[in-house]
Amino acid sequence: MIYNPYICTSNKNNMIKNFVEELKWRGMVQDIMPGTEELLNKQMVAGYIGFDPTADSLGIGNMVPVMMLLHFQKAGHKPIALVGGATGMVGDPSGKSAERNLLDEATLNYNVACQKKQLEKFLDFNCGANSAEIVNNYDWFKEFTLLEFIRDIGKHISVNYMMAKDSVKNRLEKGMSFTEFSYQLIQGYDFYYLWKNKNIQLQMGGSDQWGNILTGTELIRRKSGGEAFALTTPLIKKADGTKFGKTETGNIWLDKTKTSPYKFYQFWLNASDEDAKTYIRIFTLFTKEEIEKLEAEHNTAPHLRVLQKALAKDITIRVHSEEDYNAATEASEILFGKGTAESLQKLSEEDFLSVFEGVEQFEIPKSELETGIDIINFITEKTNIFPSKGEARKMIQGGGVSINKTKVESVDMKVTMEHLINNKYILVQKGKKNYYLIKVS
RNA sequence: GGGGAGAUACCAGAGUGGCCAAAUGGGACAGACUGUAAAUCUGUUGUUUCGACUUCGAAGGUUCGAAUCCUUCUCUCCCCA
Numbered sequence: 046m047i048y049n050p051y052i053c054t055s056n057k058n059n060m061i062k063n064f065v066e067e068l069k070w071r072g073m074v075q076d077i078m079p080g081t082e083e084l085l086n087k088q089m090v091a092g093y094i095g096f097d098p099t100a101d102s103l104g105i106g107n108m109v110p111v112m113m114l115l116h117f118q119k120a121g122h123k124p125i126a127l128v129g130g131a132t133g134m135v136g137d138p139s140g141k142s143a144e145r146n147l148l149d150e151a152t153l154n155y156n157v158a159c160q161k162k163q164l165e166k167f168l169d170f171n172c173g174a175n176s177a178e179i180v181n182n183y184d185w186f187k188e189f190t191l192l193e194f195i196r197d198i199g200k201h202i203s204v205n206y207m208m209a210k211d212s213v214k215n216r217l218e219k220g221m222s223f224t225e226f227s228y229q230l231i232q233g234y235d236f237y238y239l240w241k242n243k244n245i246q247l248q249m250g251g252s253d254q255w256g257n258i259l260t261g262t263e264l265i266r267r268k269s270g271g272e273a274f275a276l277t278t279p280l281i282k283k284a285d286g287t288k289f290g291k292t293e294t295g296n297i298w299l300d301k302t303k304t305s306p307y308k309f310y311q312f313w314l315n316a317s318d319e320d321a322k323t324y325i326r327i328f329t330l331f332t333k334e335e336i337e338k339l340e341a342e343h344n345t346a347p348h349l350r351v352l353q354k355a356l357a358k359d360i361t362i363r364v365h366s367e368e369d370y371n372a373a374t375e376a377s378e379i380l381f382g383k384g385t386a387e388s389l390q391k392l393s394e395e396d397f398l399s400v401f402e403g404v405e406q407f408e409i410p411k412s413e414l415e416t417g418i419d420i421i422n423f424i425t426e427k428t429n430i431f432p433s434k435g436e437a438r439k440m441i442q443g444g445g446v447s448i449n450k451t452k453v454e455s456v457d458m459k460v461t462m463e464h465l466i467n468n469k470y471i472l473v474q475k476g477k478k479n480y481y482l483i484k485v486s
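Numbering-wise (the working numbering), the first sequence opens with residue 46 and increments by one.
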């Protein structure tokens with residue numbers, strides 16, 4: 046290992062780490078261009094990853110590149126996050142089976158701003174030479190005319206080369222617009238621009254970006270005879286082969302107004318044993334020794350779920366905060382612990398509210414409750430827990446609905462004032478894990 | 001431009017006059033078991049006041065009766081030019 050003088054102050058006591066080696070044991074390397082590791086061990090390198098502004102928040106899928114930048118910086122290199130104000134306008138065909146709809150400019154700008162804010166949370170922007178930076182490719186594309194582009198850039202890359210990319214090949218049958226076809230060239234130019242003007246020698250990303258990244262290195266080579274490098278991470282999948290980062294209710298977002306910290310915490314806690322082992326390497330900064338120790342502990346007493354808890358704690362604190370984490374565990378403890386109807390009744394209103402902050406809520410007027418509401422009506426029309434009465438009825442008959450942690454035995458049951466907790470709330474449970482709080486006012 | 005095939009529930013995909021609210025598989029949801037895990041097993045998966053009601057690309061028509069037959073339209077795919 047070579048001592049690197051450009052490391053962060055926060056890093057000063059650490060020896061400069063071999064970035065590639067670090068990623069490798071974490072299972073975060075899919076493809077790597079020859080020479081990349083040697084370069085990174087020789088000197089401080091500036092490297093970037095692009096983020097696609099398709100939504101107004103990053104999802105947990107985006108945490109993989111975020112973690113990569115974080116490791117990159119910890120290894121003493123300079124991380125750059127690129128938000129795709131320009132590329133977002135074009136639409137990346139990689140991994141997509143159909144033409145994408147374009148977002149309008151206002152939405153894009155908003156999304157870029159939101160993502161930028163989130164990215165700022167994870168990296169160190171004030172630690173000397175390897176401070177992180179955020180750039181927006183719209184800045185260098187806005188003045189670039191079509192004619193200039195096709196003369197200066199397009200000339201260097203052949204259509205044959207572009208057609209050979211998987212992202213394009215896969216779409217030849219179904220068809221793709223010129224817009225999406227040109228995407229790789231736009232992204233390729235980003236790399237060229239950053240290489241030329243900011244001395245960025247490395248682009249990283251998900252494995253679906255490999256082709257786009259290579260177009261960039263190719264452009265750098267052909268246009269300027271320069272050398273640039275590439276490294277990608279494997280696509281994360283769950284052990285059962287399904288897509289990572291989604292639940293029945295949709296994507297898991299980093300924005301707490303879109304995914305509450307409670308739900309966020311629950312997502313990680315619910316990871317299967319197998320997945321937890323993968324995730325903890327990718328999404329936390331625990332060392333190899335720490336992780337192996339946790340795994341050993343987990344194996345001796347799997348029901349304690351040490352791995353999931355460590356994982357969920359680490360990432361919840363890093364994405365949200367310590368307070369959010371505490372609230373989430375507290376809520377989880379009450380909802381999934383030994384908690385019964387009695388222990389619910391005993392909670393003070395303040396605790397009660399803070400516990401259920403992240404749980405979906407509905408409101409109904411007190412007057413309706415005074416006369417009693419049929420359970421079916423209560424969970425369909427009064428609240429939108431179930432979309433139809435038939436489904437609600439079947440679910441009750443199947444034993445899948447509970448009020449205040451007590452199973453609803455009959456579809457004829459009435460919800461009355463007696464069910465109120467703290468004279469104000471009713472807790473409805475759909476299945477084991479889905480909670481809803483009904484507020485009576 | 002010529003020829004052919006097709007459009008069925010979340011997806012794939014059967015059904016070609018009544019036995020069709022529509023096989024089967026996947027997915028999803030729930031129950032049991034468990035550890036808020038995995039695997040397994042079971043149930044549910046159009047709406048419903050449980051009498052019915054609205055669905056098989058769209059609109060008409062034939063018929064006692066249509067996902068199924070006819071007409072027109074829309075869209076998709078394949079082959080040839």
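Ideal Cβ placement from N, Cα and C applies to all residues, glycine included. None of the values given here were measured: they were computed from a predicted structure.
8 angstroms Cβ cutoff met for residue i and residue j
i    : j    : result
L191 : G233 : no
K478 : I420 : no
F186 : A131 : yes
G403 : P306 : yes
D197 : Y155 : no
K354 : E340 : no
K268 : D320 : no
V128 : I195 : no
F401 : L482 : yes
T278 : M73  : yes
Q229 : N257 : yes
L299 : Q406 : no
G80  : F223 : no
I231 : V351 : no
L380 : A316 : no
E367 : N467 : no
V485 : Y470 : yes
D76  : W240 : no
F64  : H116 : yes
R71  : I327 : yes
D235 : N182 : yes
Residue range of the alpha helix (DSSP H) that includes residue i
i    : result
I125 : From DSSP, I125 is part of no alpha helix (DSSP H) but of the beta strand (DSSP E) over K123 to V128.
M207 : V204 to M208
T278 : No alpha helix (DSSP H) holds T278; the beta strand (DSSP E) holding it covers F274 to T278.
Q75  : Premise fails: Q75 is in no alpha helix (DSSP H) and is neither H nor E.
M440 : K434 to Q442
V364 : V351 to V364
V456 : Segment: none, V456 is in no alpha helix (DSSP H) and carries neither H nor E.
P306 : P306 to L314
I327 : D318 to F328
N344 : K333 to T345
I430 : No alpha helix (DSSP H) holds I430; DSSP gives it neither H nor E.
L168 : Element bounds for L168: n/a, residue is neither H nor E.
T190 : No alpha helix (DSSP H) contains T190, which DSSP labels as neither H nor E.
Residue range of the beta strand (DSSP E) that includes residue i
i    : result
E479 : At residue 479 the sequence reads Asn, which differs from the Glu that was named. Its beta strand (DSSP E) spans residues N479 to V485.
M249 : I245 to G251
E408 : E405 to I409
Residue i - partner residues in DSSP beta bridges
i    : result
G104 : W298
E178 : I125
V473 : I448 and Y481
I281 : I281 pairs with nothing; no bridge assigned.
F96  : V128
K241 : In DSSP, K241 forms no bridge with anything.
A91  : K123 and I245
V65  : None, per the DSSP bridge assignment.
I466 : Y470
I195 : Answer is none; I195 lacks a bridge partner.
A419 : Here the sequence assigns Asp to residue 419, which means Ala is not the residue at that position. K459.
Anticipated Cβ contact below 8 angstroms, residue i with residue j, distance rounded
i    : j    : result
L42  : D253 : Residue 42 is absent from the model: the chain starts at 46 and stops at 486.
F170 : S176 : 5 angstroms
P138 : E225 : 4 angstroms
T99  : G133 : 7 angstroms
A2   : K210 : Shown here, the chain extends from 46 to 486; a query on residue 2 therefore has no answer.
I441 : K427 : Not a contact, Cβ separation roughly 15 angstroms.
>> Within 8 angstroms, do at least three Cβ pairs link the region 245-253 to the region 91-98?
In response: yes
>> Does the region 358-365 come into contact with the region 296-314, if we say contact requires no fewer than three beta-carbon pairs (one atom in each stretch) closer than 8 angstroms?
In response: Short answer: they touch.
> Within the chosen definition, does the region 465-483 reach the region 435-453 through at least 3 CB pairs nearer than 8 angstroms?
Replying inline: yes
>> For the region 414-432 against the region 386-400, do three or more pairs of beta-carbon atoms, one drawn from each stretch, fall closer than 8 angstroms, so that the two count as touching?
In response: Under the three-pair Cβ rule at 8 angstroms, the region 414-432 does not count as touching the region 386-400.
>> Does the contact criterion of 3 or more C-beta pairs under 8 angstroms hold for the region 92-112 versus the region 200-208?
In response: no
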